[in-house]
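In the working numbering, the protein residues as written are -5 to 343. The structure under discussion appears below in the form of structure tokens.
Spelled out as structure tokens, the structure:
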């Protein structure tokens, strides 16, 4: 009977046959199908011998051969048995990785299609007199406490995601202040299918989005301090409106070939940090806002949370206002704006 990979814990994948138990410590990366870098722990199934641990690329024949000899020496078993076990493991890992990629693609949020009545209501709301003031009021009534000016700045920056040159914002806060609170609350007022929230991801992962998957979307980064690796592709998407990378992959015939991965921008980026000095060089790419860390703001949030637990908040109305703001955004379309006065505008001396 064919053995199956135990994927119960993605950070510790296990494959066991009659002779060997093989554990992938830390799991495998889904991006980069041209390599299979793993940290592997190999041990005999019925033996007290110490296991062999090693990190290697299972697609690298030289590394694999050395590892097979090492296991054979340490565990005193034949190389052919080890090679067969590693080959079985590699096939299982390939299937697991492709299945995970397909699963993630299938769980992508579908874009909501508005009914005719919803479209008409959204367009009517956009024609409201004093739209900016009404939007600021609606934002406050969705449950946002204080931060009226900053909330409006964030909402407008997120709205700009469809522009040729969208706005980005860096939220600066003192240590101990809930720096992502405001970003998360405002993000609930834009279409969820057009926002990508990440707490941790690698710069390399940006290149594996579909070509136009993130074009015109908002990236929400909870902690910029831990996202230094992604700052380069983010800056490229902001300034050059696209990123590209050349990689080598193995085709269905086992031949290596080179392809270029291209991901189109632009994107709007909203991030939070406590380290002001580090992001001064991004001031020309983003609006810097300072979040309210006062005791009064803490009291406002605490009071709201207590009332929420006591069922004293009209959450139904809050949800309706969030949906109203989302639908207003869904009917927005980018248009070309021509300024006939542009030739006579000069930078102030």
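All C-beta atoms, glycine included, are put in the ideal place defined by N, C-alpha and C. All of these numbers come straight from a predicted model, not from anything done at the bench.
Which listed residue (the options) has its alpha carbon closest to that of residue i
i	options	result
residue 4	11, 230, 14 and 22	22
residue 320	228, 206, 61 and 113	113
residue 242	323, 252 and 233	252
residue 175	124, 110, 300 and 286	286
residue 132	86, 182 and 336	182
residue 48	231, 229 and 36	36
residue 41	311, 70 and 318	70
residue 232	254, 208, 239 and 216	208
residue 90	301, 279, 1 and 214	1
residue 46	66, 30, 216 and 229	66
residue 345	262, 109, 239 and 254	The first residue shown for the chain is -5 and the last is 343, placing residue 345 beyond what the model contains.
residue 331	220, 278 and 157	157
residue 155	335, 340, 327 and 343	327
residue 29	9, 55 and 165	55
residue 295	115, 173, 199 and 325	173
Residue interval of the alpha helix (DSSP H) (run including residue i)
i	result
residue 48	Residue 48 -> not in any alpha helix (DSSP H); beta strand (DSSP E) instead, spanning 46 to 51.
residue 270	No alpha helix (DSSP H) contains residue 270, which DSSP labels as neither H nor E.
residue 16	Residue 16 -> not in any alpha helix (DSSP H); beta strand (DSSP E) instead, spanning 14 to 19.
residue 125	125 to 134
residue 178	175 to 181
residue 228	225 to 233
residue 117	110 to 120
Residue i in three-state terms, based on DSSP
i	result
residue 203	coil
residue 250	strand
residue 283	strand
residue -4	With a pLDDT of only 49 at residue -4, under the threshold of 50, the placement of this residue in the model should not be trusted; the figure read from the coordinates follows. Coil.
residue 295	helix
residue 150	helix
residue 95	helix
residue 82	helix
residue 306	coil
residue 343	coil
residue 290	helix
residue 24	coil
residue 338	helix
residue 66	helix
residue 145	helix
residue 56	helix
residue 88	helix
residue 77	helix
residue 278	coil
residue 3	coil
Beta bridge counterpart(s) of residue i as assigned by DSSP
i	result
residue 333	Answer is none; residue 333 lacks a bridge partner.
residue 240	254
residue 301	The partner list for residue 301 (beta bridge, DSSP) is empty, contrary to what the question assumes.
residue 31	51
residue 213	190 and 263
residue 10	15
residue 353	An answer regarding residue 353 cannot be provided, because it is not within the stretch -5 to 343 covered by the chain.
Beta strand (DSSP E) segment containing residue i, residue limits
i	result
residue 319	No beta strand (DSSP E) holds residue 319; the alpha helix (DSSP H) holding it covers 309 to 324.
residue 166	163 to 166
C-beta neighbour in chain C for residue i, strict 8 Å
i	result
residue 249	Looking for chain C here will not work: only one protein chain is present.
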